[in-house]
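Accompanying notes for the structure given below.
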Amino acid sequence: MRASVPPRFLLVGDSQTIGKAGDHTWRYRLWRHLRRCLGEDGFAFVGPREALYDVGADAAVSYAYPDEDFPQHARRHLAGWGEGWQHMAPLVGPAVRESGADVLLVALGLIDLGFYTNPEQTAENAHRFLTAAREARPGVRAVVLPVVAKRTGPAGAGVRGTGGAVQRVARQARRGSRLVRLAAAPRDGSGGLGPGARHVRRDAPGAERRAQTRRRLRHGAPSGVGDRGAVYGGV
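Remember, the working numbering sits 13 above the position in the sequence shown when you count from 1.
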């Protein structure tokens, strides 16, 4: 991803990413943050979908975004209500190929464990996903947000097992690729960006925050995301 070319972000996720009718969504808040840092034309959100989930219709058919300043072209994503790694694995290749995405912001995993797969099966689907993205666009980078265990007992153990398995897939995927690293655990978040917000201090003045974002994007690392997630290039 060259500094002279505005980065294209593909946001991949489940219900937390798509949102339902009337939700502000963290996609909007991230868009607003990047717009302040990079300018209106300094980045783009890409993807094959734009809709929100409609609870009454039980389908992603709503365009009832509450934020009038959130333009249609910035609403693009690859997220689905109740969709996990296994659903996105066959979709990410065509989405990356058609959109020319530079960076994938991936928030998946909890729905898999809750309804579809065990930790190892979830990790296998994550591997399929990352392989398909790399085959579609070898230079694409990705930020994989972790599934955070908030409970003890069997439920918490399952979540931790899923997180560990997906992290192993990420470490394997980053071997031999350029600009590859694992993000460290954050000391602080940047506030207002949803789960996993990091890399920008809360008390940093606006100009400093914008400078941090520009520096990270210039060196190929997305800003404002990646709480202990696996950040890697060439995947």
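Cβ atoms here follow ideal geometry from the backbone N, Cα and C, with glycine treated the same way. Keep in mind it's a predicted model, so treat the numbers as computed, not measured.
Annotated three-state conformation of Phe-128 is helix, per DSSP. By the neighbour-count criterion, in which a residue is buried when 16 or more other Cβ atoms sit within 10 angstroms of its Cβ, Phe-128 is exposed. In this structure Ala-77 is exposed. Its beta-carbon is surrounded by fewer than 16 other beta-carbon atoms within 10 angstroms.
Contact between the stretch 19 to 38 and the stretch 60 to 79 is present: three or more C-beta pairs spanning the two stretches fall below 8 Å. Just measuring C-alpha positions, the residue of Leu-51, Ala-57, His-100 and Phe-22 sitting nearest Arg-141 is His-100.
Within 10 angstroms of the beta-carbon of Pro-20 lie 16 or more other beta-carbons, which makes it buried. Per DSSP, Tyr-41 is not a residue of any beta strand (DSSP E); the alpha helix (DSSP H) it occupies stretches across 38 to 51.
For the set His-37, Ser-112 and Asp-82, the Cα lying nearest the Cα of Arg-150 is the one of Ser-112. Where Arg-88 is concerned, there is no enclosing alpha helix (DSSP H), because DSSP gives it neither an H nor an E. Between Phe-83 and Phe-58, the gap from beta carbon to beta carbon reaches 7 Å or more. For Leu-65, the secondary structure class from DSSP, reduced to helix, strand or coil, is strand. Per DSSP, reduced to three states, the secondary structure at Gly-106 is helical. For Ala-57, the beta-bridge partners assigned by DSSP are Arg-21. In the DSSP assignment, the residues bridged to Arg-154 are Val-116. Where Val-160 is concerned, there is no enclosing beta strand (DSSP E), because DSSP gives it neither an H nor an E.
In the three-state reduction of the DSSP assignment, Ala-145 falls in the helix class.
Separation of Asp-80 and Val-156 (C-alpha to C-alpha, rounded to the nearest whole angstrom) is 26 Å. It is roughly 33 Å from the alpha-carbon of Asn-138 to the alpha-carbon of Arg-48.
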